[in-house]
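In numbering that gives the first Met the number 0, the protein residues as written are 0 to 287.
Quick reminder that beta carbons are idealized off the backbone N, C-alpha and C, glycines included.
Remember, it's a predicted structure, so these values are computed and weren't measured experimentally.
Read through the structure below, which is laid out as structure tokens, and then see the notes.
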Amino acid sequence: MGSHAHTRRKKAVMAATAGAAAISALVALSLGTNAMAGEAQPDQKAKVEVRAATASDANADAGWTLRWSPDPVKDGLEAFEGVEDDRAGSDPGVKHIYVEDGAYRFDMPLEERDSSPDRQRNEVKGMSAEGRDLTISEGETWRFTDSLFIPSSLEATSSFTHIMQFKMPGAGSGPIIVMSLRQHDGKPTIELNSALSGRIVGRTDLAPLQNKWIGFDLQITFGDGDGKIRWVVTDGSSTVADASASGLDTWLGERARPKWGIYRSLKDSAHLKNTYLLVKDLKAYQQT
0 MGSHAHTRRK
10 KAVMAATAGA
20 AAISALVALS
30 LGTNAMAGEA
40 QPDQKAKVEV
50 RAATASDANA
60 DAGWTLRWSP
70 DPVKDGLEAF
80 EGVEDDRAGS
90 DPGVKHIYVE
100 DGAYRFDMPL
110 EERDSSPDRQ
120 RNEVKGMSAE
130 GRDLTISEGE
140 TWRFTDSLFI
150 PSSLEATSSF
160 THIMQFKMPG
170 AGSGPIIVMS
180 LRQHDGKPTI
190 ELNSALSGRI
200 VGRTDLAPLQ
210 NKWIGFDLQI
220 TFGDGDGKIR
230 WVVTDGSSTV
240 ADASASGLDT
250 WLGERARPKW
260 GIYRSLKDSA
270 HLKNTYLLVK
280 DLKAYQQT
């Protein structure tokens, strides 16, 4: 991307403001743990070994410091800086983000709407440890590892379906990095997109990774034009994706903040269902 186009892209993102939308109260749809009848459910009690090729070495590497490792049962949603659970109140009286069998669960009923009614959002944001929010600053290198259970009901779409993001805090700010479920050449895929750079870092088929626990290892150097990303996806002991890129724009504003959950457009209705996402084994390391 040329420098002038790059500057225009950043200015447009920085200048964007959150649109306000009036929403009528919708009929509540309570999505319980048995709502996905007929769909494979994870065996949370079984011991699951998910190992990224490089993630396990991070624990022993003196160059990395473990900064965040929440226990869903002990820490609950206090592990995050904030929770965005049906923030428009379209499905009142129902919790969509909660702990279930040692994992964070994000439910998404079809009827739910975000404050912008053309999309849905149930996400957690930021990292909190011992009552203090962790801050990611420009020039720092971080590694984020986790395990995700993506059911077959959570489909890739031709528009956006994000299950992890990095954003600058504040209303109207665009995404910096997104991990998305997207239709590509007629096939469902999972991809890692350096959104500010307009560059797909890595992509792999989604279908073989659904209805099971999958490991993710994401290393990011946060920089304005000199950022770096490495993205590793593992299925058990097998590495199914290992992609890297440099010279990226991975910085916007004064700080970056991770988000987990479901954030999706309603445009591709053919691929939208009542669904959920499970996340566990969350860890964040900072290079020191």
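Residue pairing from DSSP places residue 237 in a beta bridge opposite 234.
Inside the region 57–102, DSSP marks whole beta strand (DSSP E) runs of 3 or more residues at positions 63–67, 81–84, 96–99, from first to last along the chain. With respect to the C-alpha of residue 137, the residue from 193, 161, 252 having the closest C-alpha is 252.
Counting along the chain, the unbroken beta strand (DSSP E) around residue 283 starts and ends at 274–286.
Per DSSP, residue 159 is not a residue of any beta strand (DSSP E), being assigned neither H nor E. With at least 16 other beta carbons inside 10 angstroms of its own, residue 166 counts as buried. Bridge pairing for residue 123: 82, 259 [DSSP]. For residue 175, the enclosing beta strand (DSSP E) starts and ends at 174–183. Here residue 206 is exposed: its Cβ has fewer than 16 other Cβ atoms, across all protein chains shown, within 10 Å.
Distance from the Cα of residue 255 is smallest, within the candidate group 148, 271, 221, 243, for 221. Under the three-state reduction of DSSP, residue 207 is assigned to helix. In this structure, the beta-carbon distance from residue 67 to residue 155 does not fall below 7 Å. Excluding its 5 nearest sequence neighbours in each direction, residue 147 has C-beta neighbours in its own chain below 6 Å: 213, 278, listed in chain order. One Cα belongs to residue 91, the other to residue 85, and the distance between them is close to 8 Å. DSSP places residue 147 in the strand class (E or B) of the three-state scheme. Residue 124 is a Cβ neighbour of residue 81, given a cutoff of 7 Å.
Around the beta-carbon of residue 65, fewer than 16 other beta-carbon atoms lie within 10 Å, marking it exposed. Membership of residue 186 in the beta strand (DSSP E) is indicated by the continuous run 186–193. Under the three-state reduction of DSSP, residue 244 is assigned to strand.
Residue 93 and residue 144 have their C-alpha atoms spaced approximately 29 Å apart. A residue is called buried when at least 16 other Cβ atoms come within 10 angstroms of its Cβ; residue 73 does not meet this threshold and is exposed. With 16 or more other Cβ atoms inside 10 Å of its own Cβ, residue 106 counts as buried. In terms of Cα proximity to residue 287, the closest of 181, 236, 264, 140 is 140. In this structure, DSSP gives residue 170 a state outside helix and strand, which the three-state scheme calls coil. In the displayed model, residue 114 falls within coil according to three-state DSSP, outside both helix and strand.
The Cβ-Cβ distance between residue 71 and residue 98 falls below 7 Å. The C-beta distance from residue 240 to residue 203 rounds to 4 Å, short enough to meet the 8 Å contact threshold.
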